[in-house]
Amino acid sequence: MIKIAPSILSADFANLERDIGRIATADYVHVDVMDGMFVPNITIGVPVVKSIRPTTSLPLDVHLMIVQPGRYVEQFCDAGADLVTIHVESDTEEALHCAIDRIHAKGKRAGIVLKPGTPAEAALPFLEKVELILVMTVEPGFGGQKFMTDMMPKVSALRALIDEKNPACELEVDGGVDPETCTLCIRAGANVLVAGSAVYKAADIPVRIAELRG
Ligand code: DX5
Ligand code: ZN
28 MIKIAPSILS ADFANLERDI GRIATADYVH VDVMDGMFVP NITIGVPVVK
78 SIRPTTSLPL DVHLMIVQPG RYVEQFCDAG ADLVTIHVES DTEEALHCAI
128 DRIHAKGKRA GIVLKPGTPA EAALPFLEKV ELILVMTVEP GFGGQKFMTD
178 MMPKVSALRA LIDEKNPACE LEVDGGVDPE TCTLCIRAGA NVLVAGSAVY
228 KAADIPVRIA ELRG
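All you need for this note's numbering is the position in the sequence shown, starting with 1, plus 27.
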């Protein structure tokens, strides 16, 4: 079953509760956290995660685009994140292992994210201990960018590695996913699709979420 994780980066921040209510038929709420350092944009922080937590029963998929994410993983877990993903490029391997351990110690799921320029092999040191791998299909930082079709071989390579080493691990894609590109992602082996603008710009959001399931 393909899962859909709408990104609230494309929601109306003055009406987050309303806009989270509009994605009730999805599987996760994708929350993009940016620090203006790891990416050139600043978005949502711990207090917003805490405020939206009681507005939905969907799991919160918190995508940390911040330097040295280990500094904040416990705060995001305590604020109500169910799944916390950290970028493989954001710290040393040792520090990332430590951050993953601390997410797990909070009883939450952990994931590793790969920017477009980062090869599939970069996930290998973490593959057997995480619950999700996220492949970026745009440069992280902004919603509404064009889908990078050339990331599909990386998704396929990670699907093969996951099937071999950690079959329960989810494989997520993020950036430019719409009713056309979703098919490529599913064919390459992704099972969780993030979509921001394709969901929130749709005339009928539940219909769009159903379309994205392929
Ligand atoms: C980009 C974010 C994405 C973004 C996706 O840095 O990680 O989650 O919101 O938005 P769309 O689907 O519009 O590309
Ligand atoms: Zn994201």
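Every residue gets a Cβ at the ideal spot worked out from N, C-alpha and C, and that includes glycine.
These figures come from a predicted structure and were not determined experimentally.
Counting along the chain, residue 229 sits inside no beta strand (DSSP E), nor does DSSP assign it H or E at all.
For the alpha helix (DSSP H) assignment, the uninterrupted runs of no fewer than 4 residues enclosed by the segment 63-139 are, from N- to C-terminal side, 73-79, 100-106 and 120-132. A residue is listed when its beta-carbon falls short of 6 Å from at least one non-hydrogen atom of the ligand ZN; in chain order these are 34, 57, 59, 90, 201 and 221. In the assembly as shown, residue 47 is a buried residue. Its beta-carbon has 16 or more other beta-carbons within 10 Å. If you look at residue 200, you'll find it isn't in any alpha helix (DSSP H); it sits in the beta strand (DSSP E) that goes 197-201. If you draw a 10 Å sphere on the C-beta of residue 173, you find fewer than 16 other C-beta atoms in it, and that means exposed. Judged by DSSP secondary structure, residue 222 falls within the beta strand (DSSP E) whose first and last residues are 219-222.
With a 10 Å radius around the Cβ and a threshold of 16 neighbouring Cβ atoms, residue 214 comes out exposed.
By the 16-neighbour rule on beta-carbons within 10 angstroms, residue 74 is exposed. Remark: three or more beta-carbon pairs, one from each stretch, lie closer than 8 Å, so the segment 136-145 and the segment 162-180 are flagged as touching. Contiguous beta strand (DSSP E) elements confined to the segment 132-193 occur at 136-141 and 159-163, taking only those with 3 or more residues. When secondary structure is reduced to three states using DSSP, residue 59 falls in the strand class. 112 is the residue among 118, 112 and 128 whose C-alpha sits nearest the C-alpha of residue 159.
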